[in-house]
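Peer 1: In the UniProt record's numbering, the protein residues as written are 1 to 292.
In this text, a Cβ means the ideal position worked out from N, Cα and C, and glycines have one as well.
Next up, the structure:
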């Protein structure tokens, strides 16, 4: 072993993932984010895949590493057979793979990312921002951070839930301007399982300080998987993670009021929201589990 001064090339050798990537999986439409009698398996596949992605990013952030370019094509799928006696998290897992975060070409130490500098590629217009459709709005000015990884995860979750790329059909120039000014916000379809929709909206909050950490994301997904996996029927997984229920007219009215308040909050953060503010729906979580 030795060191060679001057120019050199650093090579990262990774394991072979033989099931392709998440983008290919999304195009095959194995995921289903709706609550329906025929959707138990598709919903669990989506939740478990999202959990594995979040766990990978949580580990990166534990090491103070920012990924900087999270998107479906940078999540690889490796063949995996559930072990005998598997826990609730992996029991009845029919996917046949495990998701692994990959492609660290734009990754950087978090503590070295305070200047917000964005470096262009010599001789071209490409910038080290990652894929624009999954880019947090603050990155062009402030640079990538752990919170921008959370935003990108929310966009990946949106792609998994809807089968559509975020902001599909919008030209790059308009997309960049819309994100920077807050004029463009992802609109989640109403038919998405409410827990996933709420989590995705929190991850894609305009204000970085309003986005949850991956510790919170992982905990939320684990609780939801346990809840859905044990539910005997779709009526059993109303809105498990957040504790919502629609069993009475009064509760349904309260739920509608909470949804309206959440919409008002999302509109407010596009303008002059206070840093660190919690969305109204987060108040229904135990204090130790509120999104921070």
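Please indicate yes or no: does the CB of residue 52 lie closer than 7 Å to some heavy atom of the ligand SAM?
Peer 2: As far as ligands go, the structure on display features none, and thus does not contain the ligand SAM.
Peer 1: Taking the C-alpha atoms as reference points, what is the distance between residue 36 and residue 230?
Peer 2: Cα to Cα, the separation comes out at about 15 Å.
Peer 1: Is it buried or exposed, residue 187, if we count other Cβ atoms within 10 angstroms and call 16 or more buried?
Peer 2: exposed
Peer 1: I need the DSSP call for residue 21, collapsed to helix, strand or coil.
Peer 2: strand
Peer 1: Kindly indicate which three-state DSSP category residue 216 falls into: helix, strand or coil?
Peer 2: helix
Peer 1: Under three-state DSSP, which class holds residue 106?
Peer 2: coil
Peer 1: Beta-carbon within less than 8 Å of residue 165's beta-carbon, same chain only, minus the 5 sequence neighbours each way: which residues are those?
Peer 2: 133 and 159
Peer 1: Residues in its own chain within less than 7 Å of residue 107 by CB, not counting five upstream and five downstream?
Peer 2: 65, 66, 67 and 68
Peer 1: Leaving out the 5 sequence neighbours to the left and right, which residues in its chain are closer than 7 Å to residue 79 when beta-carbon positions are compared?
Peer 2: Excluding the 5 residues flanking it on each side, residue 79 has same chain C-beta neighbours closer than 7 Å at 18, 19, 96 and 97, in chain order.
Peer 1: Using the beta-carbon count (16 or more within 10 Å), is residue 225 buried or exposed?
Peer 2: buried
Peer 1: Beta-carbon separation of residue 137 and residue 182 under 8 Å?
Peer 2: yes
Peer 1: Report back the beta-carbon spacing between residue 195 and residue 153 to the nearest angstrom; my notes put them in contact at under 8 Å.
Peer 2: Between residue 153 and residue 195 the Cβ distance is about 15 Å, and since that is not below 8 Å, they are no contact.
Peer 1: Spatial neighbours of residue 30 within its chain, please: CB distance less than 6 Å, with the 5 preceding and 5 following residues excluded, ordered by chain position.
Peer 2: Only 45 meet the Cβ criterion.
Peer 1: Using DSSP with H/G/I as helix, E/B as strand and the rest coil, what is residue 150?
Peer 2: helix
Peer 1: Can you list, in chain order, the residues of its chain whose CB lies under 7 Å from that of residue 52, leaving out five sequence neighbours each side?
Peer 2: The beta carbon of residue 52 sits closer than 7 Å to the beta carbons of 98 and 99 from its chain, once the five residues preceding and following it are set aside; these are given in chain order.
Peer 1: Once DSSP output is grouped into helix, strand and coil, what is the label at residue 5?
Peer 2: coil
Peer 1: Once DSSP output is grouped into helix, strand and coil, what is the label at residue 98?
Peer 2: It is a strand residue.
Peer 1: Run through the DSSP bridge pairs and tell me what residue 78 is partnered with.
Peer 2: Partner(s): 98.
Peer 1: What residue range does the alpha helix (DSSP H) around residue 59 cover?
Peer 2: Taken as a continuous stretch (DSSP letters only), the alpha helix (DSSP H) holding residue 59 covers 40 to 62.
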